[in-house]
Every structure is written in structure tokens, then in C-alpha cells.
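In my numbering, the protein residues as written are 274 to 323.
Glycine included, C-beta positions come from ideal geometry on N, C-alpha and C.
Structure first, then comments.
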């Protein structure tokens, strides 16, 4: 998905965003620790859709 296809209302993020990059390669159940301007945030992968 490119940046132009990102749509926060549909819960779609770009793979080039910090969150998108941090989630690449993760599987359901994995936890990603991503460094953001506000600090480190943890995201658990609950589902993966296309």
C-alpha cells in the first residue's frame, strides 16, 4: 500500500510510515515496539488482512 492509499478511517496505514515499517514481517500475536515522536509504543498484531 502506498502513502496515497492510507486511510485512517478504514484502519489502513502506509508501509512507509513509522508504524507500517515497524509492523512489517510481524505475525498475529507478535508485539512490535515502535519508536515514535511521542516515545516508544507497543502494538500487538491481532489480525492481518489484505
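- Going by C-alpha positions, residue 314 is about 11 Å away from residue 291.
- Rounded to the nearest angstrom, the Cβ distance from residue 302 to residue 288 is 20 Å, too far for a contact under 8 Å.
- The three-state secondary structure of residue 307, taken from DSSP, is strand.
- Taking each of 310, 322, 323, 296 in turn and checking the Cα distance to residue 316, the smallest one comes out for 296.
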